[in-house]
Amino acid sequence: MSSHLLSRPLLLRHLPSLSFPLSNNRFRPRRLSSSAAVRPPATPEPVVSVAVSADDRYGKKQIISVTPQIYEYILSNVREPPILRELREETSSLRGSQMQVSPDQAQLLAMLVQILGARRCIEVGVYTGYSSLAVALVLPDSGILVACERDARCLEIAKKYYERAGVSHKVDVKHCLAVDALNSLIQKGEAGSYDYAFIDAEKRMYHEYFELLLKLVRIGGVIVVDNVLWHGNVSDPLVSDPRTVSIRNFNKKLFEDKRINISMAIPLFSLLIALAMKYDKKSGDTMSTFPQPSGFAENGSALI
Ligand SMILES: C[S@@+](CC[C@H](N)C(=O)[O-])C[C@H]1O[C@@H](n2cnc3c(N)ncnc32)[C@H](O)[C@@H]1O
């Protein structure tokens, strides 16, 4: 999240072009070659591109870049509920299917909700419902997820899956512009009553969504923001299309915002999630207001 970090380009130490058979989970790539067949090397080679900061003061801390093979491995370690898999597969043939969060991201969002002990959640940008269903599945029966989406056809699919998963009673679908839905929640007196929010809609509206959601979440509540790297474009000063500029400015604003604690996490390909936890200005405390996560003991979570 830090503009300090962003201002220091990462050096990418990488192997030559690599290709990865997606079905093979072993960490051994094949080098691309102009000649025909290439024998696999006798000894295993490192398979990852490694990035280190150009600034020596970060030491030799290395960050691996996620190759298709590594990503395949991550995906093979996701416990994706069958109903989510069905929704993902139905969505895969639709226009915009690349927009839905990946199974590993959905698993993380669901775990965050569980760790928070969240009962009241908001999602801005539902599409066909993958991330919202992942959250609704782990909410307690009395929990509620306000799901904001402007596209009626997407919502039909989402509602079908909420129904099939038996979570419809936990999802309050708002078919309208997200800003209108959020303003109406504030007008109804619901400010400070939500535990968790996920922003995943129009990139140039991130500032507006964030300000409204910051009113709606409680102290210690968490706002998760998708796509804050925007395909890596935010770190490239030569890229200046409106969406990139908007997300770059948004990241800077969050970094400087004293009302929240922040963390930029989970780099997967071009995606990166930012977390903002609402801060208590008076006590400087975000933790003391956390409720005990309900059902935590029987549904133990492991963050690995
Ligand atoms: C990236 S997709 C959401 C993906 C979803 N979170 C998932 O994991 O499946 C963004 C969605 O936001 C919706 N959207 C964009 N602008 C919106 C707005 N102003 N109000 C409500 N929904 C909006 C789009 O119609 C689209 O379905």
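Residue numbers (the working numbering): 36 to 339. Quick reminder that beta carbons are idealized off the backbone N, C-alpha and C, glycines included. None of these values were measured; they are calculated from a predicted model.
For Thr163, the closest alpha carbon among the candidates Leu129, Ile150 and Cys156 is that of Leu129. Distance between Tyr108 and Asn262, taken at the CA atoms: about 22 Å.
Short of 7 Å from the beta carbon of Ala226, and not among the five residues preceding or following it, lie these beta carbons of its own chain, in chain order: Lys250 and Leu251. Taken through DSSP and simplified to helix, strand or coil, Gln140 comes out as helix.
Distances taken from the Cβ of Tyr229 to the heavy atoms of ligand 1 include none shorter than 7 Å. Cys189 carries a helical assignment under DSSP once its states are collapsed to helix, strand and coil.
When only Cα atoms are considered, Ser281 and Ala213 end up about 18 Å apart. For Ser166, same chain residues with a beta-carbon under 8 Å away, outside a window of 5 residues either side, are Gln135, Val136, Gln140, Ala141, Leu144, Glu158, Phe233 and Asp235 in chain order.
Each residue's CA atom was taken as its position, placing Pro277 and Leu289 some 18 Å apart. With a minimum length of 3 residues, the unbroken runs of beta strand (DSSP E) contained wholly in the segment 80-157 fall at 85-88 and 97-99.
The Cβ atoms of Leu217 and Leu247 lie closer than 8 Å to each other. Boundaries of the beta strand (DSSP E) around Ala182: Ile179 to Glu184. Taking 7 Å as the cut-off, the C-beta of Arg130 does not count as close to any heavy atom of ligand 1. Where Arg283 is concerned, the enclosing alpha helix (DSSP H) starts and stops at Pro277 to Glu291.
Rounded to the nearest whole angstrom, the CA to CA distance from Lys96 to Ser298 is 18 Å.
In the structure shown, Ala200 falls within a helical segment according to DSSP collapsed to helix, strand and coil.
No Cβ-Cβ contact shorter than 8 Å links Pro116 with Leu180. Burial is judged here by how many other beta carbons sit within 10 angstroms of a residue's own beta carbon; Asp230 has at least 16 and is buried. Excluding its 5 nearest sequence neighbours in each direction, Met240 has C-beta neighbours in its own chain below 8 Å: Ala213 and Val214, listed in chain order. Exposure of Leu273 is indicated by the presence of fewer than 16 other C-beta atoms within 10 angstroms of its C-beta.
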